[in-house]
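Engineer: Throughout the sequence shown, residue numbering follows this note's numbering, covering 98 to 749 in sequence.
All residues carry an ideal CB built from backbone N, CA and C; glycine is no exception.
Quick one: the structure is below, and I'll ask about it shortly.
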Amino acid sequence: MQISKLQMLDNDSCTEESTCSCCAIDFFEEKPPLWRRQQIIKGSSAGILLLGGLLTEYFTAQGTAALAMFISVIAISGREILKKAWSSLISRRLDMNCLMSIAAFGSFFIGHAEEGAAVFFLFFVAETLEEYASDRARESIGKLLHLAPETARVKRDSGEVELHTHEVEVGEIIIVRPGEKIPLDGMIVSGHSSVNESPITGESLPAEKATGDDVYAGTMNEEGYLEAEVTKKSENTLLSRIVKLVKEAERKKSATEKYIDRFARYYTPAVIGIALATFLIPTLFLGYAWDIWLYRALVLLVISCPCALAISTPVAMVSAITSATRHGILIKGATFIEALSKVRAFAFDKTGTLTKGVLEVTDIIGLKGYSPEDVFTMAASLESRSNHPIAKAIMRKASEKDVTIQEITAFKDIQGKGLEGVIQGKTYYAGAKNMFASLSIEMPEELIHFENEGKTSIVVADDDSALGIIALADSVRDNASEVILALRRWNIKTEMLTGDNEKVAQAFARQIGIDDCYAGLLPEDKVTVVNRLIHGFDHVAMVGDGVNDAPALASASVGIAMGSQGTDVAIETADITLMHDDLSKIDYLVHLSRKTMAIVRQNIFVSILIKGSLTVMAVLGMINLWVAVGIGDMGLSVAVILNAMRLTRVEK
């Protein structure tokens, strides 16, 4: 029996931090199609009136009709500009809207009404294009809001109950059929399927999911029937955290953005003063015609409008954040893109970051005439009674090899040393070498070889001698060596920080090509090392996954967390999160950050060069208001926007 119980929730009942698609309409609010937008309707009307006024002025003698059309252009396209200009005057913080308003009304005053109308119209078009560019840059992030369904099927004693996701509690069982999106984060308790996690992790291939695996809200169940136990409320899902953090990232400005903001604050009053001097000095002291020099001063005002300069950095930063999100990387603010571009050293945690944090059997050798298969069967039989991570690794291998587990009697778990048990009437041991000191069993020479390789070794023995060795190691993450090599090509030094002993750490560092490593570190020691690296390299990135890495992540210039297996503390502390734990994304991140800052520098340089050249031409009377607005303002703004939006297509 299926019961439908969908309760509609009032938006007011949800907090501002709520991120479901029905409650978060104020964040990245979806807008109507382009042709229906108010700006397009206004722009089209103003454009038609401006064209009509120009045709009327040049082909008829209806000067009054043309003037009326030009005034209408200002009324339609200049309303918001004038309101902003008035607000800036009241607050005594002059901005680009003031520059445009002064230039436009000055043009009307000296008989160039068509150019005054054009100033407002073209500035309106430039601002509309900026807004459209920002919408496009945020588009893929905004779609996150609509990834997760608003309702979930919950398994109850009476059957299936359909509830709003806000009503589903942690611990309840949700049902997801093939072809449906997973509504909440959870752990599979029944079923097997492949799940498309690309919207969250950026990974294109579906992930195989079975009992015990985690699933995330907004991902697509492609094949099988799944039942999952809810592990997080709707407002705390991975998807919700991504949207919240992106929202915060939009508010965080880079150092370059802040500098340009401060520059623009003083720049506008200075420009008005220069334009006033351009008008007054030639007319009052040199006796030149006032109308000519007033016109040149107005052209200077328009050219000096810092629109392109002001938008050059934020559009680039938003484009970069969007590009990273599409690749399964969450950057919490523009400031971290700029900081990453300056990084000269990367510090990596070892376990769970450079490695998968899971032990795997790497070597099995037999001694005293015993075959590797016999040794492993004895070890697996003993380890089947233990829950130690080493036992789990051996049992996974035993499952792969279809090993038959022998009957165990008189089993003993010797804490911190190993295991003892009787198999077919004979006592066997499996444990670390410190277990056998009291048993007077000599350790085989082969054990030293595995220790030098940094591997964990288990000795299998009877009452008389060692019968074999099983070596285990933490498996290296895919692409770890390639990432270290890529960072070296960027002239970035790599360091490894680990709590492992010196011998294990050095062996692992040599294996993947790390430049240097620090072993035997506690969490506070990692902070000390990171601070020391910052003192030597100025800008240092730290990559980690665990609670013990959180202090170091916070201390680094840029903290990067592994998002899939990483702890909540590490993810919240870090500045950047790799949602799929893919180390290869670090190479992409460095490339993206440096390309972003290169584009920012290009935009700033081109803006200053063009505006500087046009300023000289304006003072010499070589250009008019049409050129000033069309090239020096709108044209330049469009150019820097298009250049910045190239970042949305960055691949590596």
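Under 8 Å between the Cβ atoms of I520 and Q503?
Structural biologist: yes
Engineer: For I173, collect the residues of the same chain with a Cβ closer than 6 Å to its Cβ; drop the 5 residues on either side in sequence, then sort them by chain order.
Structural biologist: K139, S142, A143
Engineer: Any chance the stretch 430-444 sits against the stretch 467-480, with 3 or more Cβ pairs inside 8 Å?
Structural biologist: no
Engineer: With DSSP collapsed to three states, give me the class of R76.
Structural biologist: Any property of residue 76 remains undetermined from this structure, which presents the chain solely from 98 to 749.
Engineer: Can you pull the DSSP bridge partners for N318?
Structural biologist: V292
Engineer: Which of the three DSSP states, helix, strand or coil, is assigned to H688?
Structural biologist: helix
Engineer: Going by the CB atoms, is the gap between A658 and N700 shorter than 8 Å?
Structural biologist: no
Engineer: Output the distance between the C-alpha atoms of Y525 and V557, rounded to the nearest integer angstrom.
Structural biologist: 7 Å
Engineer: Can you tell which of F217, F206, M166 has its C-alpha closest to the C-alpha of K180?
Structural biologist: F217
Engineer: In three-state terms, what does DSSP make of D642?
Structural biologist: coil
Engineer: Would you mind working out which of A649, G641, G309 sits nearest D627, comparing C-alpha positions?
Structural biologist: Note that residue 627 corresponds to Val in the displayed sequence, not to Asp. Ranking A649, G641, G309 by Cα distance to V627 puts A649 first.
Engineer: So which of V580, L427, E599 has the shortest CA-CA distance to K590?
Structural biologist: If you compare the alpha carbons of V580, L427, E599 with that of K590, the shortest gap goes to V580.
Engineer: In or out: K623 buried (at least 16 other Cβ within 10 Å) or exposed?
Structural biologist: buried
Engineer: Decide if R250 is buried, meaning its Cβ has at least 16 other Cβ atoms within 10 Å, or exposed.
Structural biologist: buried
Engineer: Taking only beta-carbon positions, decide if A442 is within less than 8 Å of chain C.
Structural biologist: Annotation note: the requested chain C is absent from the structure, which comprises a single protein chain.
Engineer: Using CA coordinates, which residue listed in F206, C195, A214 is at the minimum distance from G727?
Structural biologist: The shortest Cα separation from G727 among F206, C195, A214 belongs to A214.
Engineer: For G309, count neighbouring Cβ atoms within 10 angstroms of its own Cβ and tell me buried if that reaches 16, exposed if not.
Structural biologist: exposed
Engineer: Return helix, strand or coil for A421, following the three-state DSSP convention.
Structural biologist: helix
Engineer: Mind checking which residues open and close the beta strand (DSSP E) that includes D622?
Structural biologist: Unbroken run through D622 is the alpha helix (DSSP H), 620-634; no beta strand (DSSP E).
Engineer: Across which residues does DSSP place L569 in a beta bridge pair?
Structural biologist: V458, T553
Engineer: What residue range is occupied by the uninterrupted beta strand (DSSP E) comprising A527?
Structural biologist: 523-528
Engineer: Note down, in chain order, each residue of its chain lying with its Cβ closer than 8 Å to the Cβ of I270, except the 5 sequence neighbours on either side.
Structural biologist: V251, K252, V286, E324, A325, E326, V327
Engineer: How many whole angstroms separate the CB atoms of A570 and T459, which I take to be in contact at a CB cut-off of 8 Å?
Structural biologist: 5 Å
Engineer: Along the chain, where does the alpha helix (DSSP H) containing G144 start, and where does it finish?
Structural biologist: 135-156
Engineer: Would you mind reading off the limits of the alpha helix (DSSP H) that contains V601?
Structural biologist: 599-609
Engineer: Got a sec, what are the start and stop residues for the alpha helix (DSSP H) G515 sits in?
Structural biologist: No alpha helix (DSSP H) holds G515; the beta strand (DSSP E) holding it covers 515-520.
Engineer: Three-state secondary structure (DSSP) at F124?
Structural biologist: Confidence at F124 is low in this model, with a pLDDT of 35, below 50, so its placement is unreliable and the value that follows should be read with caution. Three-state result, F124: coil.
Engineer: Note the first and the last residue of the continuous beta strand (DSSP E) segment covering D510.
Structural biologist: 506-511
Engineer: Starting from M593 and walking both ways along the beta strand (DSSP E), at which residues does that stretch end?
Structural biologist: Residues 590-594.
Engineer: Does DSSP put D446 in a helix, a strand or coil?
Structural biologist: Note: D446 maps to strand in three-state DSSP.
Engineer: What's the gap between the Cα of S184 and the Cα of R190?
Structural biologist: Approximately 9 Å, taken between the alpha carbons.
Engineer: Report, in whole angstroms, the separation of the C-beta atoms of A653 and M639, which I expect to be a contact under 8 Å.
Structural biologist: About 4 Å separates the two Cβ atoms, so the contact holds.
Engineer: Tell me which same chain residues have a C-beta within less than 8 Å of the C-beta of L711, skipping the five on either side of it?
Structural biologist: I400, I720, V724, A725, I728, G729
Engineer: In its own chain, which residues sit with a C-beta less than 7 Å from the C-beta of V267, not counting the 5 before and 5 after it?
Structural biologist: V327, T328, K329, K330
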